[in-house]
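Participant: Just so you know, the sequences run in chain order A and B.
Just so it is clear: in the first sequence, position 186 is 186 by the numbering used here, and no numbers are missing.
Just so it is clear: in the second sequence, position 283 is 1283 by the numbering used here, and no numbers are missing.
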Amino acid sequence: MSDTTIGKSVAANSGLLSAATLQKAVAFAVLVALLAFFSLFATNFATGANMVGIMQATAVNGVLGVAVTFVIISGGIDLSVGTMMTLTAVMAGLVLTNLGLPLPVGILAAIASGAFMGAISGAVIAKLKIPPFIATLGMMQIARGLALVFSGAKPIYFNDTPNYGLLSPESSISLLIPGLEIPNGVMIMFGIAIIASIVLNRTIIGRMIFALGSNEEAARLSGINVDNWKILTYAICGGICGIAGLIVSSRLNSAQPALGLGYELDAIAAVVIGGTSLAGGRGTVMGTIIGAFIMSVLTNGLRVMGVLEEWKIVVTGVIIIVAVFIDIVLRKRT
Amino acid sequence: MPDGSVAKPVLVDMRGIEKSFPGVRALNSVSFDLFPGEVHALMGENGAGKSTLMKILTGVYQPDAGEIRVDGTAVAIRDPHAAQALGISIIHQELFLMNHLTAAQNIFIGREPRRGLGIFVDEDQMRRDAAAIFRRMKVDIQPSAEVGQMTVARQQLVEIAKALSYNARVLIMDEPTSALNETEVEHLFAVIADLKANGVGIVYITHKMDEVKRIADRVTVMRDGQYIDTLPAATTPMSTIIQLMVGRELADQHRATGQGTKDEMLRVTGLNRGSAIRNVSFSLRKGEILGFAGLMGAGRTEVARAVFGADPIDSGTFHVRGQERRIASPADAVTQGIAYLSEDRKHFGLVTGMSVRDNITMASWFRYLKGRVFMKDGDLDRTAAEYVEKLRVKTPSVRQETRLLSGGNQQKVVIGKWLLRDCDILIFDEPTRGIDIGAKAEIYRLLEELAAQGKAIIVISSELPEVLRLSHRIAVMCEGRITGELDGRSATQEEIMTLATQRRSAAA
């Protein structure tokens, strides 16, 4: 019985699988189409240096997108990911530059402080029953303020940590395979995405996050400690923001305390373009990464073509709406 | 036709209606007619095609073939708005009300009376009109009361009032009494009688045989998308109708046999919560089915949720298997082996977007982790398949999303979840709500099997035959108190109703 059931299950499920796959395929096709379009019509687009630039630009948004994907699948939202990234970069700066501690401690400080602040957001949401939108709106300002306070509102440079460039602009892989100049920040993004994908699909954490996002009350009435899982979800999001903080400060060789506002909206846009439902319970990390690439290819391509900066923002807005519309159309067909 | 009068013109006449969906033939040459002043019951198991037929009549779906005549004229009902213009209204089983608006605002939404050059809504007029409708229905709902603050039963009455306000000539009611208590059902029947006298034709979809006997003139039975037969309601025996619906004989109504063992599994003492639960005490034994009877709002669901730790309580103690236990959350209750199966499976029982496998295993995921980092989906698949087989869940696979299963099979999935979690105190709240007759019998058998295996079971049910069919003992509640306890083998519907309406005389 069990064998036939399981055998049949794959076949029976293929209809559903294809819907999700189709959606990701559409996003991927859009990305390929954009690349082809700009390669044909924008001179200087398809150059090695420009591709590296696109990847650099994607790394931070991609990692933040992965962070907020966790929260959005769980049925929540996190508006604080941008300023949280800044705060964690400042923490790394304090530990590395002001205290002069070794690099691994700085990395730990960034990730741990992000996870800690995320856990606070989660606790406020789970225990005080503050809606996620409000709680993380508050956290967005708290993190922004703390970043300014801790840094004295001045950039912290990483000149005393010579290896700091390893976290983003340098390309370790080019040492192994000459010519493949993929920056480390991008490799970290792919690494985070793969780990996040595995956590979401193969571990109990992911299973709980999907259950929370699909029907929180049913999960609670199944004896699941919903509050703790929520807190963990926001802590994971915060921890990943810490990694984004490391990448961005490595690229700038400094923690810029005024940076961060607006990054949260780009991250959420990448998630949505990637087909993750803002209603929760449904979504993929790979979709988010594709979404982040679509955004940076578009921005870069239009810039290379000489389109005004202002128009790029308009186009990004249109893309978000079109992406969600495609999602709705695909959903209706199944 | 019900009285053979030739002069009476047909109000609605549907002939040879066909409708297919990808992969399914939902309706196969179905015919249905309705006369003015007639209650025409439409019966059939879930999936028989009743809803599809009514969706065609109300313009939600377009038929692939067939003809619809209203007052003898062939019509195309392109959308629900066109149906409304023809005087066809439907009261859905699921409510479509705006919770933050008042009863009156809901009733007149989109066609509010105006004043002051048509700029301002005439709230007073609207309230008066709504009050008039409620008076006709003989229900005491305040037109200015917010719908979200009402019980489900009263919300449904607002929905009915809304349909009545359209002066519908054809009224389709989809299981209108499923959330009403006896008094409210009587009110509804009085309203239906009034509508009949005014020449309104009523299509009455129900699973309840006694209602058909009481109010219907004719019964049409459908099965598997086919028209089966139309019969006079008064003279056709219930067993014939049931037989036509299921296509097979059902065993006669029988009563619970035997009784539980002496082992006390659960004792609740002095439970209080505001005015919802007043000093409730009871005990539950191993192998026993304890029925909780009472009207809607008597406090049965509240007691169940309190025992399950889902709502905070003011006072009360719980003894589980002889030991006093603190139950402050569902997690506590589950640890003690107590499970609660809500009547609202879609909201509180299942994660409908997740698979049968994940739903069955979700309360036990930790056990399947066994210290590993990754979930072993193969293990979960096998376990789920085992329960699918044991409980005879009809699903193409364990990876099917639960929202695609029928009500009866969804209920079995929830039962499977708790059995896998080793829960042996099972609280069922309306276990067969929204489940068709054939599947009901199967759920009953399942509950009896579970009791025989030594589970302790509480069944909350508003259907008296169900309580009598299943319970070894029956606790009757009214206004938050237990007003009496009866032996399930000898109790009568009259005894239960007497206790269920035994309202407090002195207590505040």
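Think of the CB as a built atom: it goes at the ideal place given N, C-alpha and C, for glycine as much as any other residue.
Looking only at its chain, what residues have a beta carbon closer than 8 Å to the beta carbon of V322/A, apart from the 5 residues adjacent to it on each side?
Facilitator: None.
Participant: Identify the contact partners of G281/A in chain B, using a Cβ-Cβ distance below 7 Å as the criterion.
Facilitator: Chain B residues near G281/A: G1353.
Participant: Starting from the beta carbon of N253/A, find every residue of chain B whose beta carbon is closer than 8 Å, and list them in chain order.
Facilitator: Simply none; closest approach about 36 Å.
Participant: Decide yes or no for the touch test of the segment 1155-1174 of chain B against the segment 1090-1099 of chain B: beta carbon pairs closer than 8 Å, at least 3 of them.
Facilitator: Yes, the segment 1155-1174 of chain B is in contact with the segment 1090-1099 of chain B.
Participant: Check whether the Cβ of G1349/B lies closer than 8 Å to any Cβ atom in chain A.
Facilitator: Judged by the 8 Å Cβ criterion, G1349/B is in contact with chain A.
Participant: Answer yes or no: does any C-beta atom of chain A fall closer than 8 Å to that of A1306/B?
Facilitator: No, A1306/B does not count as interfacial toward chain A.
Participant: Where does Q1062/B fall in DSSP's three states?
Facilitator: Q1062/B falls in the coil class under three-state DSSP.
Participant: Whole angstroms are fine: how far does the CA of I73/A sit from the CA of M1238/B?
Facilitator: Using only the alpha carbons, I get a separation of about 50 Å.
Participant: Would DSSP call I1370/B helix, strand or coil?
Facilitator: According to the sequence displayed, residue 1370/B carries Lys and not Ile. Three-state result, K1370/B: coil.
Participant: Can you pull the chain B neighbours of R303/A, defined as C-beta to C-beta under 9 Å?
Facilitator: The premise fails here: R303/A is roughly 40 Å from chain B at the closest Cβ pair, so nothing lies under 9 Å.
Participant: Under three-state DSSP, which class holds K230/A?
Facilitator: Looking at K230/A - three-state DSSP - the assignment turns out to be helix.
Participant: Using three-state DSSP, classify M1173/B as helix, strand or coil.
Facilitator: Residue state, collapsed to three classes: strand.
Participant: Using 8 Å for Cβ pairs, my map puts G1407/B next to G1438/B. What's the rounded Cβ distance?
Facilitator: Not a contact, Cβ separation roughly 12 Å.
Participant: Determine the chain A residues that contact M1375/B at a beta-carbon separation under 8 Å, and present them in chain order.
Facilitator: By Cβ distance, chain A contributes R202, T203, I204, R207.
Participant: Tell me which same chain residues have a C-beta within less than 6 Å of the C-beta of M1001/B, skipping the five on either side of it?
Facilitator: At M1001/B, the pLDDT of 46 sits below 50, so the modelled position is not reliable; the number obtained from the coordinates is stated separately. Excluding positions up to five away in sequence, the list is empty.
Participant: Under 8 Å, CB to CB, which of the residues in the segment 216-243 of chain A have a partner in chain B?
Facilitator: Residues passing the 8 Å Cβ filter: E217, A218, A219, R220, L221, S222, G223, I224, N225.
Participant: At what residue ranges does the segment 74-120 of chain A contain a whole run of the alpha helix (DSSP H), taking only runs of 4 or more?
Facilitator: For the segment 74-120 of chain A, whole alpha helix (DSSP H) runs of length 4 or above, ordered along the chain, are 81-93.
Participant: Count Cβ pairs between the segment 1485-1500 of chain B and the segment 1287-1294 of chain B that sit closer than 8 Å; are there 3 or more?
Facilitator: Cβ pair count under 8 Å is three or more, so yes.
Participant: When the Cα atoms are used, what is the spatial distance from I125/A to G114/A?
Facilitator: In a straight line, the C-alpha of I125/A is about 17 Å away from that of G114/A.
Participant: In the segment 1425-1452 of chain B, which residues sit with their C-beta less than 7 Å from some C-beta in chain A, listed in chain order?
Facilitator: Going along the segment 1425-1452 of chain B in chain order, one finds no residue with a Cβ nearer than 7 Å to chain A.
Participant: Interface residues of chain B around S214/A at Cβ under 8 Å?
Facilitator: V1351, T1352, G1353, M1354, listed in chain order.
Participant: May I ask you to report which of helix, strand or coil DSSP gives S214/A?
Facilitator: Three-state DSSP puts S214/A in a helix.
Participant: On the DSSP bridge assignment, give the partners of S1355/B in chain order.
Facilitator: E1401/B.
Participant: In chain order, what residues of the same chain have a beta carbon less than 8 Å from the beta carbon of I290/A, not counting five sequence neighbours either side?
Facilitator: Within the same chain, I290/A has close Cβ partners K24, A27, F28, L31, I273, G274.
Participant: Comparing the C-beta of P1113/B with each C-beta of chain A, is any distance below 8 Å?
Facilitator: No, because no Cβ of chain A sits closer than 8 Å to the Cβ of P1113/B.
Participant: Quick check: the Cα distance between A119/A and I111/A, rounded to an integer number of angstroms?
Facilitator: Approximately 12 Å, taken between the alpha carbons.
Participant: So, helix, strand or coil for C1423/B, using DSSP?
Facilitator: Reduced to three states, the DSSP call for C1423/B is coil.
Participant: Would you verify that the beta carbon of F28/A is, or is not, closer than 8 Å to some beta carbon of chain B?
Facilitator: No, F28/A lies away from the interface with chain B (no Cβ there is under 8 Å from its Cβ).
Participant: With a cut-off of 8 Å on the beta carbons, I'd call F37/A and V304/A a contact; round off their distance for me.
Facilitator: So it is not a contact: roughly 12 Å between Cβ atoms.
Participant: Note down, in chain order, each residue of its chain lying with its Cβ closer than 7 Å to the Cβ of F1348/B, except the 5 sequence neighbours on either side.
Facilitator: Correct list, in chain order: S1342.
Participant: What does the Cβ neighbour count give for N1099/B, buried or exposed, with the cut at 16 atoms within 10 Å?
Facilitator: It counts as exposed.
Participant: Using a Cβ cut-off of 7 Å, pull out every chain A residue sitting near L1369/B, in sequence order please.
Facilitator: Per Cβ cutoff of 7 Å: I204.
Participant: On the CB-based measure, 16 or more other CB atoms within 10 Å of its CB, does K127/A come out buried or exposed?
Facilitator: Label assigned to K127/A: exposed.
Participant: Could you tell me which residues DSSP pairs with D1487/B in its beta bridges?
Facilitator: Bridge partners of D1487/B: R1473/B.
Participant: Please classify N344/A: does DSSP put it in a helix, a strand, or coil?
Facilitator: Chain A is shown only over 1 to 334; residue 344/A falls outside these bounds and no answer can be derived.
Participant: Does the count of Cβ pairs from the segment 213-229 of chain A and the segment 146-161 of chain A closer than 8 Å reach three?
Facilitator: They do not touch, by the three-pair rule.
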